[in-house]
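These notes are about the structure you will find just below.
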Amino acid sequence: MVKFADNFYFGSATSATQCEGAHTPADKGKDIWDVWFEQEPDRFHGGIGPDTTSTFYEHYKTDIPLLKATGQNSFRTSISWSRLFPEGRGKVNEKAAAYYRDLFEELRKNGIEPFVNLFHFDMPAALQEIGGWENRQVVDDYANYAKTCFELYGDIVKRWFTFNEPIVHVECGYLTNYHYPCKVDPKAAVQVAYHTALACASAVKTYHELNQGGKIGIVLNLTPAYPRSSNPADVKAAEIAELFANKSFLDPAVKGEYDPRLIELIKEQNLMPEYTQEDLATIRENRVDFLGVNYYQPVRVCARASMPNPEAPFMPEYYFDHYEMPGRKMNPYRGWEIYPKGIYDIAINIRDNYGNIEWMITENGMGVENEDRFRENGQIQDDYRIEFFKDHLTWLAKGIEEGSNCIGYHVWTFIDCWSWLNAYKNRYGLVELDLKTQERRIKKSGLWFKELAENHGF
Ligand code: BG6
């Protein structure tokens, strides 16, 4: 049997933008997703935007029993910055403040530990107008927002995250034209990454000063970089991919510093951000207490086969090519490789290279298209998802057995939710959402998850 500790966190994650709904001005100020959807609705699958979600804002009281019905002892969601501060700063929206208070209290009443994240790709529109993370001022605005959240909810929320997958808003927003503001500007990307690390450290500093007796961490999507072969050129390619994809946020958050090899490459590309010694000291002195890891896929690379185009804007791929391993197992709906052993490699990397800091899996899951075809007697029989969870949990348990300090496993996601540009194309939930009627139905994996949690293993 694959076994986990009695106090292991079993649960799921979602984010405010992806589940809440309620986008009227009285409820929430605009964030970049609202603005982008107004401007370019066709970029979103099926033309479905952020205002069409699983209406958690309205239904949380009846959704929380479903958390229990699927065996969850913990749950991560995020606070929407632009719901709490419609302008990103200034006056708090009291209705929003009351909503989050009631949500966290309701979770506690039901014996579910809330894990609360402060930023999940959702910059308030008013702050994006002044440059978003490119602007140093926004770091201070974020620190103020974070402090407000700690003061409002610190008595009942004891596990905080500063950011979810910060590399995503850097890469997708400033390199690959995949998220708003859709810039392709490497210099801005580096500035945004640096300001994000600084914002994280600023929130950690404030949280520790308030002394509320909880812990604060960051959620990173770690994608272990594997070389095609042991040829030195391939190995070097993987080391560089690792620097950009993983160490760029892992090192400042956990060690308070940047890997000198990454700084060298950034200098080589003439992309150094503007920084002050005082801000660097903030990063150095304010490290996270624990780590959240989202794991979906590894990255496989090899040495470049051709010279980079000197006129192309810089991308980390300047230094490596992506490599498709023959025989790799794929999730064809999302186009992501499924490689369960990656979770074990992450566990060992954290144990050996990051002081064995306390950590947990904050997302792991499988998005599948058209799940309706798996319905039998009214219930979606998602055995593929159960198998996916089992394979990953088996490798995770091995990592823990070998001493890695992992305290929990959260799946993505609770109720099928809105997936950014993919909208409702791929479903990830333990609970099915009928988008038209808003009806919820527990999938087979939801019942399996309950057994998993009750038995502390499978
Ligand atoms: C993670 C994010 O990257 O993966 C989630 O934290 C996201 O917000 C999830 O929904 C699945 O990715 P996608 O693009 O299929 O929704």
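When you line the sequence shown up against my numbering, it's residues 1442 to 1899, in that order. Heads up, the beta-carbon is just placed ideally off N, CA and C, and yes, glycines get one too. None of the values given here were measured: they were computed from a predicted structure.
- Query: Taking 8 angstroms as the line, does the beta carbon of residue 1738 fall inside it for any heavy atom of the ligand BG6?
  - Reply: Residue 1738 Cβ: outside cutoff for every heavy atom of the ligand BG6.
- Message: Considering only heavy atoms of the ligand BG6, does any lie closer than 8 angstroms to the CB of residue 1603?
- Response: Flag unset: Cβ of residue 1603 not near the ligand BG6.
- Query: Would you say the beta carbon of residue 1903 comes nearer than 8 angstroms to a heavy atom of the ligand BG6?
  - Reply: For residue 1903 there is no data in the structure shown, the boundaries of the chain being 1442 and 1899.
- Task: Could you have a look at residue 1650 and say whether DSSP puts it in helix, strand or coil?
- Result: Residue 1650: helix per DSSP, three-state reduction.
- Would residue 1822 pass as a contact of residue 1783 if the rule is Cβ separation under 9 angstroms? No, the Cβ-Cβ distance between residue 1822 and residue 1783 is not below 9 angstroms.
- Check the C-beta distance from residue 1647 over to residue 1591 and give it rounded, since I have them as a contact under 8 angstroms. So it is a contact: roughly 7 angstroms between Cβ atoms.
- Message: Just verifying my parser: in three-state terms, what is the DSSP assignment at residue 1751?
- Response: Coil at residue 1751, not helix or strand.
- Task: Tell me whether residue 1543 is buried or exposed, calling it buried when 16 or more other Cβ atoms sit within 10 Å of its Cβ.
- Result: Burial check for residue 1543: the Cβ neighbour count within 10 Å stays below 16, so the residue is exposed.
- Where does residue 1672 fall in DSSP's three states? Judged by DSSP in its simplified three-state form, residue 1672 adopts coil rather than helix or strand.
- Task: State the start and end residues of the unbroken beta strand (DSSP E) segment that holds residue 1800.
- Result: Looking at the DSSP string, the run of the beta strand (DSSP E) that includes residue 1800 is 1800 to 1804.
- Query: Taking 8 angstroms as the cut-off, is the CB of residue 1522 close to at least one heavy atom of the ligand BG6?
  - Reply: No; taking the cut-off as 8 angstroms, the Cβ of residue 1522 has no heavy atom of the ligand BG6 nearer than that.
- Given a cut-off of 9 angstroms, decide if residue 1864 and residue 1487 are closer than it, judged by their beta-carbon atoms. With contacts defined by Cβ atoms closer than 9 angstroms, residue 1487 and residue 1864 form a contacting pair.
- Pair within 9 angstroms by beta-carbon distance, residue 1608 and residue 1690: With a cutoff of 9 angstroms on beta-carbon distance, residue 1608 and residue 1690 are scored as near each other.
- Three-way DSSP call (helix, strand, coil) for residue 1519 in this model: Under the three-state reduction of DSSP output, residue 1519 falls in the strand class.
- Query: Curious, which full-length beta strand (DSSP E) runs of at least 3 residues does the segment 1823 to 1860 contain?
  - Reply: The qualifying runs are 1847 to 1853.
- Query: Since residue 1611 is in the alpha helix (DSSP H), which residue starts that stretch and which ends it?
  - Reply: Taken as a continuous stretch (DSSP letters only), the alpha helix (DSSP H) holding residue 1611 covers 1607 to 1615.
- Query: How many angstroms separate the CA atom of residue 1874 from the CA atom of residue 1581?
  - Reply: About 38 angstroms.
- Message: Considering Cα atoms alone, identify which of 1442, 1507, 1471 and 1602 is closest to residue 1452.
- Response: The shortest C-alpha to C-alpha distance from residue 1452 to any of 1442, 1507, 1471 and 1602 is the one to 1507.
- In chain order, each alpha helix (DSSP H) run of at least 4 residues that lies wholly inside the segment 1564 to 1628: As far as the segment 1564 to 1628 is concerned, its whole alpha helix (DSSP H) runs of at least 4 residues are 1566 to 1569, 1577 to 1594 and 1607 to 1615.
- Query: Can you tell me the Cα-Cα spacing of residue 1512 and residue 1565, whole angstroms?
  - Reply: Our two residues, residue 1512 and residue 1565, have alpha carbons roughly 34 angstroms apart in a direct line.
- For my contact list, residue 1730 and residue 1840 are in at a C-beta cut-off of 8 angstroms; report their separation, rounded to the angstrom. The beta carbons of residue 1730 and residue 1840 sit about 20 angstroms from each other, so the pair does not count as a contact at 8 angstroms.
- Identify whether residue 1729 lies in helix, strand or coil by the three-state DSSP scheme. If DSSP states are grouped into helix, strand and coil, residue 1729 belongs with coil.
- Task: Run the CB neighbour count on residue 1718, radius 10 Å, all protein chains shown included, and call it buried at 16 or more, exposed below.
- Result: Residue 1718 should be labelled exposed.
- Message: At a threshold of 8 angstroms, does residue 1775 count as lining the ligand BG6 (C-beta to nearest heavy atom)?
- Response: Yes, the beta carbon of residue 1775 sits closer than 8 angstroms to at least one heavy atom of the ligand BG6.
- Query: Can residue 1825 be considered in contact with the ligand BG6, in the sense that its beta carbon sits closer than 8 angstroms to one or more heavy atoms?
  - Reply: Relative to the ligand BG6, residue 1825 has its C-beta separated by 8 angstroms or more from all heavy atoms.
- Query: So is residue 1618 buried or exposed if we call it buried at 16+ other beta carbons inside 10 Å?
  - Reply: Under the 10 Å beta carbon count, residue 1618 is surrounded by fewer than 16 other beta carbons and is classified as exposed.
- Which residue's Cα is closest to the Cα of residue 1493: 1896, 1745 and 1860? Out of 1896, 1745 and 1860, 1860 has the C-alpha closest to the C-alpha of residue 1493.
- Quick one: give me the first and last residue of the beta strand (DSSP E) that residue 1471 is part of. Careful: residue 1471 lies outside any beta strand (DSSP E) and carries neither H nor E.
- Can you check whether the CB of residue 1594 is closer than 9 angstroms to the CB of residue 1640? Cβ distance not < 9 angstroms, so residue 1640 and residue 1594 don't count as in contact.
- Message: Let me check you understand the geometry: is the CB of residue 1854 closer than 8 angstroms to at least one non-hydrogen atom of the ligand BG6?
- Response: Under cutoff, so the answer is yes.
- CB of residue 1557 within 9 angstroms of CB of residue 1834, strictly: Not closer than 9 angstroms, so no.
- Message: Please list the terminal residues of the continuous alpha helix (DSSP H) segment that includes residue 1702.
- Response: For residue 1702, the enclosing alpha helix (DSSP H) has its first and last residue at 1701 to 1709.
- Message: Please report the straight-line C-alpha distance between residue 1599 and residue 1654, rounded to a whole angstrom.
- Response: If I take the Cα positions, the gap works out to 7 angstroms.
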